[in-house]
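Residue numbers (the numbering used here): 1 to 312.
All residues carry an ideal CB built from backbone N, CA and C; glycine is no exception.
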Ligand code: APR
């Protein structure tokens, strides 16, 4: 039987993610939203591209969680997107209430599923889904590091005049201004980045990466990024559906790793059919560890705001 993926939220990120997953031919897709007609229309439109794009996945739109029953993977993108001047944290209260209601329905209809959280502020929303679902920590994972890493890799490739595919880079920490790009772990065709660019050049691109989401919001004015975010979510979905155990930076629940506890943050993980199958602990320098702790402190501040909402 084909696998089943439900994407909750049929907005920019959700619809694009549904399209990308349908195009992989790996699963049938249910696109779900509270707005009547929107998921149905978008799903039909995506499905009708199948003969041209060469996929045979079913794609249906719905406003009823019964249609999501027994999903193998649920991707949550429901919520409001950022507008200019807003930080990801500004979305917290509104999106937390949306995520709470979504989690209740998702767990009711798909008690065995893996949940991939995309809604911002990402690390806080993943934490909330973890607490409300009662799922094992491996089964709730957040999308952030692949997106941040992809932005960093794009900027590095442009600076060096090489194919983006030659560039590997790792971004850890919270998905916000305190994210922790790790130039020491970046490489270009196997050559350490630090041998190809000087520290000032790297720092400029690190800063652009930290502001990558805001840069897009600044252009769009009415919403936030969705092409790169959906590409990142689809890569994670593929790793889970194929059980291919890709090593990817994802937001995962930490219990002592990197000296952090009871928090979701971006870490290198092995992602497979079981969800987050392993967290890889790197030997960070004191300066890198310090940046990670600062990032964690920022996420913890947001978790305090979350607790005040008394949703769990
Ligand atoms: N249940 C289902 N869908 C909902 C709910 C809900 N309770 N509340 C809102 N939605 C839907 C909206 O109707 C809308 O179609 O979520 C969708 C959000 O779509 P957009 O406004 O286009 O936002 P998008 O750009 O997709 O971003 C969604 O992803 O990357 C993050 O920061 C981004 O948190 C934001 C989320």
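Taking its Cβ as the centre, do 16 or more other Cβ atoms sit within 10 Å of residue i, making it buried, or is it exposed?
{"i": "residue 188", "result": "buried"}
{"i": "residue 198", "result": "exposed"}
{"i": "residue 302", "result": "buried"}
{"i": "residue 294", "result": "exposed"}
{"i": "residue 264", "result": "buried"}
{"i": "residue 283", "result": "exposed"}
{"i": "residue 256", "result": "exposed"}
{"i": "residue 241", "result": "buried"}
{"i": "residue 280", "result": "exposed"}
{"i": "residue 98", "result": "buried"}
{"i": "residue 126", "result": "buried"}
{"i": "residue 259", "result": "exposed"}
{"i": "residue 247", "result": "exposed"}
With a threshold of 6 Å on Cβ separation, who are the neighbours of residue i within its own chain once the five nearest residues in sequence on each side are excluded?
{"i": "residue 186", "result": "169, 193"}
{"i": "residue 151", "result": "209, 212"}
{"i": "residue 89", "result": "121, 302"}
{"i": "residue 153", "result": "164, 167, 169"}
{"i": "residue 82", "result": "217, 224"}
{"i": "residue 291", "result": "180"}
{"i": "residue 43", "result": "31, 59, 60, 61"}
{"i": "residue 40", "result": "61"}
{"i": "residue 53", "result": "23"}
{"i": "residue 38", "result": "10"}
{"i": "residue 202", "result": "183"}
{"i": "residue 158", "result": "none"}
Looking at residue i: is its Cβ nearer than 8 Å to the Cβ of residue j?
{"i": "residue 17", "j": "residue 7", "result": "yes"}
{"i": "residue 252", "j": "residue 269", "result": "yes"}
{"i": "residue 275", "j": "residue 139", "result": "yes"}
{"i": "residue 73", "j": "residue 5", "result": "yes"}
{"i": "residue 76", "j": "residue 9", "result": "yes"}
{"i": "residue 249", "j": "residue 80", "result": "no"}
{"i": "residue 123", "j": "residue 149", "result": "no"}
{"i": "residue 113", "j": "residue 71", "result": "yes"}
{"i": "residue 172", "j": "residue 267", "result": "yes"}
{"i": "residue 116", "j": "residue 233", "result": "yes"}
{"i": "residue 228", "j": "residue 272", "result": "no"}
{"i": "residue 100", "j": "residue 306", "result": "no"}
{"i": "residue 106", "j": "residue 68", "result": "yes"}
{"i": "residue 205", "j": "residue 155", "result": "yes"}
{"i": "residue 254", "j": "residue 244", "result": "no"}
{"i": "residue 174", "j": "residue 298", "result": "yes"}
{"i": "residue 78", "j": "residue 109", "result": "no"}
I'd like the list of long-range same chain contacts for residue i, defined as Cβ closer than 8 Å, with 5 residues on each side in sequence excluded.
{"i": "residue 160", "result": "167, 188, 196, 197"}
{"i": "residue 222", "result": "83"}
{"i": "residue 235", "result": "146, 246, 248"}
{"i": "residue 277", "result": "138, 245, 269, 270, 271"}
Within a Cβ cutoff of 7 Å, which residues of the same chain sit near residue i, ignoring the five residues on either side of it in sequence?
{"i": "residue 34", "result": "63"}
{"i": "residue 93", "result": "309"}
{"i": "residue 103", "result": "129, 132, 133"}
{"i": "residue 19", "result": "46"}
{"i": "residue 317", "result": "Given that the chain is displayed from residue 1 to residue 312, the structure contains no residue 317 and the question cannot be resolved."}
{"i": "residue 36", "result": "63"}
{"i": "residue 2", "result": "27, 28"}
{"i": "residue 320", "result": "There is no way to answer for residue 320, as the model of the chain reaches only from 1 to 312."}
Let me see if you follow: with CB-CB separation under 8 Å, is residue i close to chain C or not?
{"i": "residue 65", "result": "No chain C appears in the structure shown, which is made up of a single protein chain."}
CB of residue i to nearest heavy atom of ligand 3: below 7 Å?
{"i": "residue 110", "result": "With respect to ligand 3, the structure offers nothing, as its ligand set consists of ligand 1."}
Output the residue ranges of the alpha helix (DSSP H) runs that lie fully inside the segment 219-265 and measure 4 residues or longer, sorted by chain position.
227-242
Inter-stretch contact (C-beta, 8 Å, three-pair minimum) for the segment 52-71 and the segment 20-33:
yes
Considering only residues of the segment 129-160, which uninterrupted alpha helix (DSSP H) runs meet the minimum length of 4 residues and lie entirely inside it, listed in chain order?
145-160
Tell me the start and end of each unbroken beta strand (DSSP E) in the segment 55-109 that is at least 3 residues and wholly inside, in chain order.
59-62, 73-76
Whole runs of the beta strand (DSSP E) within the segment 176-225, excluding any shorter than 3 residues
none
Can you list, in chain order, the stretches of the beta strand (DSSP E) that have 3 or more residues and sit fully within the segment 3-62?
3-8, 27-32, 59-62
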